[in-house]
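So the protein sequences, as listed, match chains A and B.
If you count by the numbering used here, then the first sequence holds residues 1 to 292, one letter each, in order.
If you count by the numbering used here, then the second sequence holds residues 1 to 51, one letter each, in order.
Below: one structure, written as structure tokens.
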Amino acid sequence: MSTLTKILIVLLTLSSIFLCGIVVTYVGSADDFKQKNTSLTNKFNAAEENAKKANKALEENKTLIQQQKKEIDDQIAALKASSEELQSKLGNVEREKSALLAEVEKWTTITRDFYQTTEKQGQLLKDTLDELNKLQAEQVKTQKELKETTASLMEKMAIIDTLETDKKRLVEQKTELQSKLDQLLQPGGKAAAEGTAVTPKKDTAQPTAGAGVVREINLKGKLTAVDLKNSMASISLSSADGVKEGMKFYVTRGSEFICDVLISDVSGKEAVGFIELVQQQPKVGDTVSTNL
Amino acid sequence: MSPNGQPKAAAAATSNLYTVILALAFAVVLVTVVFVAYKCYFQYELIFRMP
Numbered sequence: 001m002s003t004l005t006k007i008l009i010v011l012l013t014l015s016s017i018f019l020c021g022i023v024v025t026y027v028g029s030a031d032d033f034k035q036k037n038t039s040l041t042n043k044f045n046a047a048e049e050n051a052k053k054a055n056k057a058l059e060e061n062k063t064l065i066q067q068q069k070k071e072i073d074d075q076i077a078a079l080k081a082s083s084e085e086l087q088s089k090l091g092n093v094e095r096e097k098s099a100l101l102a103e104v105e106k107w108t109t110i111t112r113d114f115y116q117t118t119e120k121q122g123q124l125l126k127d128t129l130d131e132l133n134k135l136q137a138e139q140v141k142t143q144k145e146l147k148e149t150t151a152s153l154m155e156k157m158a159i160i161d162t163l164e165t166d167k168k169r170l171v172e173q174k175t176e177l178q179s180k181l182d183q184l185l186q187p188g189g190k191a192a193a194e195g196t197a198v199t200p201k202k203d204t205a206q207p208t209a210g211a212g213v214v215r216e217i218n219l220k221g222k223l224t225a226v227d228l229k230n231s232m233a234s235i236s237l238s239s240a241d242g243v244k245e246g247m248k249f250y251v252t253r254g255s256e257f258i259c260d261v262l263i264s265d266v267s268g269k270e271a272v273g274f275i276e277l278v279q280q281q282p283k284v285g286d287t288v289s290t291n292l
Numbered sequence: 001m002s003p004n005g006q007p008k009a010a011a012a013a014t015s016n017l018y019t020v021i022l023a024l025a026f027a028v029v030l031v032t033v034v035f036v037a038y039k040c041y042f043q044y045e046l047i048f049r050m051p
């Protein structure tokens, strides 16, 4: 075998191995086009089915959309009509609002004036209350003084009663002594001279004419009603008995002085007056009289 | 018989190495052909034809 033949054998072998390797590599790594074709065909069929479904759904949606569009158009027309009506109502409401705002402004002014007036009246009331408190304090003070004066008056009246009793007793003793003296001096034809008092006689205070008239009337009656809340009382005497407005009656219970009643109103059946100088609580049935 | 009238001697390989190499090349080509045929048959169900 020649050398050339040997070389050719080796080259043939190497080239065969090389080419076969290339072919095997290519065939081994080649894609399976049949499988690819089947897969793509299936995908294509599925896509066609989906396209059909999508077209069907599209048609249905178109129909539905047309119906909805029609309904929406109807609603839009109705809403437009409603909007026009509401706008007209809005105009009316705005006019009413303007009128109400004007009225609110008016009432605000009135309320402001009312508040100012109220504040002024409150201030005036406060001042009046202060003055009333002062007057009440003065009234309490005056009532206290009046009670003290009434107590002193009652005490002095009691003293006067005692003195009158003593005076009466002394006059009786004087008369008795005068009669005894006359009896003693009568046999001698003498008469007792008129005694002269050591203490000069003083002018006594005389009551006023009205009071004297009242004392002269000397009326007596009963309390028929008492209203302590308003310090009012009514008596059983009336104008028929000679009672007149301004007359003062003394209310007594037994020998106790209760209060005075200053007559303010007289009718044909009874007389009504204010209760004054209250020493005890007057009751219906207490005696009233012009003189103690 | 040779042209000279002498009997021709039987051909004998001078070396078995090149025979082995040739056998190897043949085997490689054969295996490649079988592999390609297998792939064609199982992928396209055809052998050496266009589908």
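Cβ coordinates follow ideal geometry from the N, Cα and C atoms, glycine included.
Asked	Found
In whole angstroms, give me the CA-to-CA distance for A/Glu164 and A/Leu153.	16 Å
Among A/Lys283, A/Ala51, A/Asn230, A/Lys53, which one has its Cα closest to the Cα of A/Gly273?	A/Asn230
Mind checking who A/Tyr250 pairs with in its DSSP beta bridge?	A/Asp260, A/Ser289
What are the boundary residues of the beta strand (DSSP E) that includes A/Met1?	Element bounds for A/Met1: n/a, residue is neither H nor E.
Could you check whether the Cβ of A/Leu12 sits closer than 7 Å to any Cβ belonging to chain B?	yes
With H, G and I counted as helix, E and B as strand and the rest as coil, what does DSSP make of A/Val104?	helix
Just the chain A side, please: which residues come within less than 7 Å of B/Ile21 by C-beta, in chain order?	Ile9, Val10, Thr13
Between the C-alpha atoms of B/Val31 and B/Thr19, what's the straight-line distance to the nearest angstrom?	18 Å
Distance check for A/Ile22 and B/Leu24, CA to CA, integer angstroms please.	17 Å
Quick check on A/Ile275: does DSSP put it in helix, strand or coil?	strand
Please list, in chain order, all residues of the same chain as A/Val226 whose beta carbon is under 7 Å from its beta carbon, the five residues on each side excluded.	Ala233, Pro282, Lys283, Val284
Could you check the C-alpha separation between A/Glu270 and A/Glu103 for me, to the nearest Å?	58 Å
Per the contact definition of three or more C-beta pairs closer than 8 Å, is the region 31-48 of chain B in contact with the region 36-50 of chain A?	no
Taking only beta-carbon atoms, is A/Phe16 less than 7 Å away from chain B?	Strictly speaking, residue 16 of chain A in this sequence is Ser, with Phe absent from that position. Yes, because at least one Cβ of chain B sits closer than 7 Å to the Cβ of A/Ser16.
Strictly under 7 Å for the Cβ-Cβ distance: is A/Lys34 near chain B by that measure?	yes
Would you verify that the beta carbon of B/Tyr38 is, or is not, closer than 7 Å to some beta carbon of chain A?	no
Compute the beta-carbon to beta-carbon distance between A/Ser264 and A/Glu245, rounded to the nearest angstrom, for a pair I have assumed lies under 8 Å.	6 Å
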